[in-house]
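Reading through the structure tokens given below for one structure.
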Amino acid sequence: MCLLSVVIATHNRAGYAKKSIESILSIDVEEFQLIIHDTSDNNVLEEFCAEIQDARLKYIHCNELLSMTENFNRALEYVQGEYTIMIGDDDTILSTAIKYCRYAKEKKIDVISQKISAEYCWPDFRSKISGDFNASSLIVNKFTSNQVTYEGRKQYYEAVKNCFQGTASLPKLYHGIVKTSLLLKIKENTGTYFHGVSPDISIALSLAYNCERYIEVDYPITLPGSSGGSNAGRSAMRTHVGKLDDDPHMKRFKSYVWPNLLPRYFSVETVWAQAGLVTIQKIDNNKGFNFIKFYA
């Protein structure tokens with residue numbers, strides 16, 4: 001077993017994924033594995049990975065048509081590390097991720113989240129407000145090495161009360177470090193790792209409910225990327241809203257439960273709420289969602 005599994009689930013985005021893979025494997029330590037779970041309808045990324053002679057890389061090409069949530073769930077089945085971190089195919093990790101895994105192991109910490117203080121905007125990134133102003137830019141905000149300890153259940157109930165609008169100070173697997181045994185506990189208790197149509201919200205809630213305490217560090221562990229075709233890119237261009245059944249993100253879901261009290265409309269707010277509601281139904285205490293606040 002290695003110390004850390006870095007997991008990327010991707011689909012038809014080889015141009016970004018290649019750079020991400022190269023960046024991660026350039027970290028000169030042997031304590032991690034990089035898992036690429038690829039559902040692309042071509043072999044571009046597969047052929048690229050076949051040329052890489054690095055035992056840390058594990059590439060899986062899945063020919064099934066999977067939703068994002070299914071892709072995430074499948075990818076985690078290949079984890080061999082004591083700790084796990086998930087990132088997108090236009091992101092990378094920093095060497096500090098390994099250092100914080102060592103710290104988590106030494107201090108017996110189940111989850112380390114981070115305040116996002118650095119971001120890379122790809123050359124094709126565009127914003128409806130600022131156009132290509134931030135394209136090809138590395139944006140770094142001021143950060144410290146401070147850390148804050150949170151109580152899991154307290155943050156869980158706060159998220160339910162706030163209608164799951166963002167992960168905020170919730171514990172994170174996406175751009176966060178999680179002990180793999182905790183992920184396996186969540187799978188055992190709820191049937192799988194992720195539920196609903198927004199996997200990052202889903203797992204954040206499950207982690208909060210199942211971990212007693214976790215820490216958030218004000219120091220970069222990963223480098224999130226914002227590219228033209230990503231959800232971040234769609235959000236920046238304000239193209240992440242519309243009819244539920246017409247959205248490309250939703251079309252890959254073979255079946256999903258959409259609560260009757262949620263508007264059948266695709267938006268960040270409704271997608272987060274759906275994933276949250278579906279997830280807490282798998283958890284013992286599943287009451288408290290504030291529909292009045294949500295509609296307000």
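Per full-length UniProt numbering, the very first residue in the sequence shown carries number 1; after that it's consecutive.
Think of the CB as a built atom: it goes at the ideal place given N, C-alpha and C, for glycine as much as any other residue.
Asked                                                                                                         : Found
In chain order, each alpha helix (DSSP H) run of at least 4 residues that lies wholly inside the region 42-85 : 44-50, 68-76
Alpha-carbon spacing of G233 relative to R126, whole angstroms                                                : Confidence in G233 is poor, its pLDDT being 41 and thus under 50, which makes the residue's placement too unreliable to answer from.
R238, DSSP secondary structure in three states                                                                : Note that R238 scores a pLDDT of 47, beneath 50, so its modelled location is shaky and nothing firm can be said.
Counted within 10 angstroms of its Cβ, other Cβ atoms place S26 as buried (16 or more) or exposed             : exposed
Sequence-distant residues of the same chain with beta carbon closer than 6 Å to C49, five excluded per side   : Y59
Whole-angstrom distance between I201 and T167, CA atom to CA atom                                             : 6 Å
Pick from T279, G176, N260, T69 that is closest to A104, judged by C-alpha positions                          : G176
Secondary structure of I36, DSSP reduced to three states                                                      : strand
Pairwise C-alpha distance: N43 and R153                                                                       : 44 Å
Limits of the unbroken beta strand (DSSP E) element including L4                                              : 4-10
Closer than 8 Å to chain D by CB, L183                                                                        : As a matter of chain content, chain D is missing from the structure shown, which is built from one protein chain.
When N146, D91, I52 are compared against V6, the one with the closest alpha-carbon                            : D91
Option in Y156, E119, S145, Y214 with minimal Cα separation from I139                                         : E119
Own chain, CB closer than 8 Å to C211, minus 5 neighbours either side, in chain order                         : D110, V111, G152, P171, L182
Distance, E51 Cα to L277 Cα                                                                                   : 43 Å
Expected contact under 8 Å - CB spacing of Y150 and S169 to nearest Å                                         : 6 Å
Buried versus exposed, by CB contacts within 10 Å (16 or more), N73                                           : buried
Continuous alpha helix (DSSP H) stretch holding C21: start and end                                            : Correcting the residue type first, residue 21 is Ile in the shown sequence and not Cys. Note, I21: alpha helix (DSSP H), 14-25.
Segment limits, beta strand (DSSP E) that includes Y103                                                       : Run containing Y103: none in the beta strand (DSSP E); it sits in the alpha helix (DSSP H), 96-107.
Buried versus exposed, by CB contacts within 10 Å (16 or more), E216                                          : buried
Where the beta strand (DSSP E) through A204 begins and ends                                                   : Looking at the DSSP string, A204 is not in any beta strand (DSSP E); the run it does join, the alpha helix (DSSP H), is 199-210.
Close beta carbons around V29, own chain, < 6 Å, minus the five adjacent residues each side                   : I98
Within 8 Å, strictly: CB atoms of L4 and Y83                                                                  : yes
Rounded C-alpha distance that separates D38 from C2                                                           : 22 Å
Option nearest T270 by Cα separation, candidates T96, T190, K243, C101                                        : K243
K107 versus K179, L184, H195, residue with shortest Cα-Cα distance                                            : K179
Contact under 8 Å by Cβ, T192 with I87                                                                        : no
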